[in-house]
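In our numbering, the protein residues as written are 51 to 632.
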């Protein structure tokens, strides 16, 4: 249960609400113990014939008053305890999301989205149940259990000892089943993560599934995952199904023994009839804490298992962080210097980049081309310190990028990836993402025109107010890329990186867009990654990459004159264009 102690920082915020809740709950428990005393007196008076209608009315009034007080108390403990559990749930979910935002790209490269979704839903719900109803049940076990035992012993020591003979068996059952429940619940949560990931993948990729006519195959895969989740749940249900009846059986043995021995004591006159009735009532009250032990074990084991899963994420620290003495970068000029850069992806023996070196002055254009998988995008990521490299140096304005704070460094870049992500909001909100204060309509139109998407936006039902669906599902690939380009231009940052950002548009459209961007590119340091030679031919420096290395670098005409890799790519693309025209 030590995992749940991590929540004490949240609980401290609501200590007065928790105190009020526990006071109300304890008061309710104690009030429940008064009713058997009232009944005991009434039964004894009736047995002695020393009762009149007025006294019976008095006993009834006491019971009604106690019941009313119990009802009021239950409202308050539910409001304070269950309400506080809900508030802690919200705080925990906020911290979980905020913490995810601090983690590195590498963490998300190796973590399934379905796992994170399961943590944010099922696991946090299980923790809430442990804090809310789990705390209530635990209090009932302690207060009702101990108080009932005390009152039972005060009524008859011998009868109480006989009635509690089955209790050691209860301890054995709880110890055995508690460990099993936790292990099986962890297996259920892991299976739920896999199920969530399968659903997410298929919903996100439903078009691909349909285009490849894989509905039946994916249904089969989902059915297998769903059956595994069912099997894990049924194993937990089997344990749970055996756990409760065993506890109830122990409680029933206690009642049977008490009825047999207590009846003999009452008949022999060693205890009064009222004492016997009150004893049986307290034993009945004690049965709930006895049964609740099983429920508490289940809730707390689930909560502890879930909090343990959450703790493993919350205790994960980003590897990329501000170094001691890091300075905040204002507005960069944009000069880049890379020397001897070598980078390995996590758990990879082959370098993704090896011995990369180049110099780029501020407000100049760098073009990067090369074979697929040669490290072009990885280089762009390293410039923004999305990953940390193992060897070499990257300098911005003559200073190592790790000397700057991470946020201030990344605020210098506007980045347009090949796989553009759009939110399920309006076009206006997507273009404005990351911009504060919000832009004027004229600014939106200006960047949309530069990205050659303005006229297409006007053709949509609500123009810039049109909601584009999840990940821009209603738009074409080219439209999504151009909206992402407009978003980057609106940020107006000193460095602009276009990572195959127009690969989904045709060559003529890309040429028109790049021509219209010429003045924008001249005002900042720009890095254009593309397989199309014409997209980078005007760059001040071109890098040609192959197998994680720079195999050539220079200007367009220089590289053509060498008749190397760049020349071969140029000639091949020239031939392709001539064939297209023919």
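Cβ atoms here follow ideal geometry from the backbone N, Cα and C, with glycine treated the same way.
Who are the Cβ neighbours of residue i in its own chain at under 6 Å, not counting the five residues just before and after it?
| i | result |
| --- | --- |
| residue 383 | 412, 447 |
| residue 153 | 368 |
| residue 142 | 174 |
| residue 322 | 94 |
| residue 590 | 414, 415 |
| residue 179 | 349 |
| residue 163 | 250 |
| residue 195 | 339 |
| residue 467 | 549 |
| residue 510 | 516 |
| residue 177 | 353, 356, 357 |
| residue 404 | 392, 598, 599 |
Apart from the five residues on each side of it in sequence, which residues of its chain come closer than 7 Å, Cβ to Cβ, to residue i?
| i | result |
| --- | --- |
| residue 53 | 354, 357, 358, 361 |
| residue 235 | 286, 351, 352, 355 |
| residue 372 | 455, 456 |
| residue 89 | 327, 328, 331 |
| residue 643 | This structure does not reach residue 643, given that the chain is present from 51 up to 632, and the question cannot be answered. |
| residue 395 | 402 |
| residue 424 | 595, 596, 597, 598 |
| residue 493 | 540 |
| residue 124 | 78 |
Going by CA-CA distance only, name the one from the options that's closest to residue i.
| i | options | result |
| --- | --- | --- |
| residue 536 | 485, 577, 572, 611 | 485 |
| residue 328 | 432, 200, 409 | 200 |
| residue 302 | 334, 88, 613 | 334 |
| residue 406 | 388, 182, 436, 417 | 388 |
| residue 465 | 531, 506, 444 | 531 |
| residue 482 | 514, 510, 469 | 514 |
| residue 147 | 364, 280, 176 | 364 |
| residue 87 | 74, 116, 61 | 116 |
| residue 314 | 430, 74, 209, 579 | 209 |
| residue 583 | 577, 563, 621, 614 | 621 |
| residue 523 | 555, 474, 502 | 474 |
| residue 193 | 278, 305, 337 | 337 |
| residue 243 | 187, 161, 298 | 161 |
| residue 580 | 623, 218, 614, 125 | 623 |
| residue 586 | 420, 518, 83 | 420 |
| residue 477 | 346, 518, 228, 130 | 518 |
Within 10 Å of its beta-carbon, does residue i have 16 or more other beta-carbons around it, so buried, or fewer, so exposed?
| i | result |
| --- | --- |
| residue 600 | buried |
| residue 565 | exposed |
| residue 630 | exposed |
| residue 171 | exposed |
| residue 567 | buried |
| residue 169 | buried |
| residue 288 | exposed |
| residue 401 | buried |
| residue 127 | buried |
| residue 324 | buried |
| residue 480 | buried |
| residue 110 | exposed |
| residue 246 | buried |
| residue 284 | exposed |
| residue 626 | exposed |
| residue 79 | buried |
| residue 282 | buried |
| residue 461 | buried |
| residue 344 | buried |
| residue 263 | exposed |
| residue 215 | exposed |
| residue 431 | buried |
| residue 184 | buried |
| residue 501 | buried |
Just grab the DSSP bridge partners of residue i for me.
| i | result |
| --- | --- |
| residue 578 | 417, 548 |
| residue 443 | 389 |
| residue 596 | 599 |
| residue 476 | 517 |
| residue 64 | Paired residue(s): none; residue 64 is not in a bridge. |
| residue 403 | 393 |
| residue 449 | 446 |
| residue 604 | 592 |
| residue 410 | 386 |
| residue 454 | 377 |
| residue 466 | 548 |
Skipping 5 residues on each side, what residues in its chain have a beta carbon closer than 8 Å to that of residue i?
| i | result |
| --- | --- |
| residue 504 | 495, 498 |
| residue 309 | 330 |
**Prompt:** Fully enclosed by the segment 81-149, which alpha helix (DSSP H) runs are 4 residues long or longer?
**Reply:** Segments of the alpha helix (DSSP H) lying fully in the segment 81-149: 103-127.
**Request:** Mind listing, in chain order, the continuous alpha helix (DSSP H) runs of no fewer than 4 residues lying wholly within the segment 170-234?
**Result:** As far as the segment 170-234 is concerned, its whole alpha helix (DSSP H) runs of at least 4 residues are 174-179, 185-205, 207-213.
**Prompt:** In chain order, which continuous runs of the alpha helix (DSSP H) of length 4 or greater are located wholly inside the segment 247-306?
**Reply:** Within the segment 247-306, the complete alpha helix (DSSP H) runs of at least 4 residues are 256-261.
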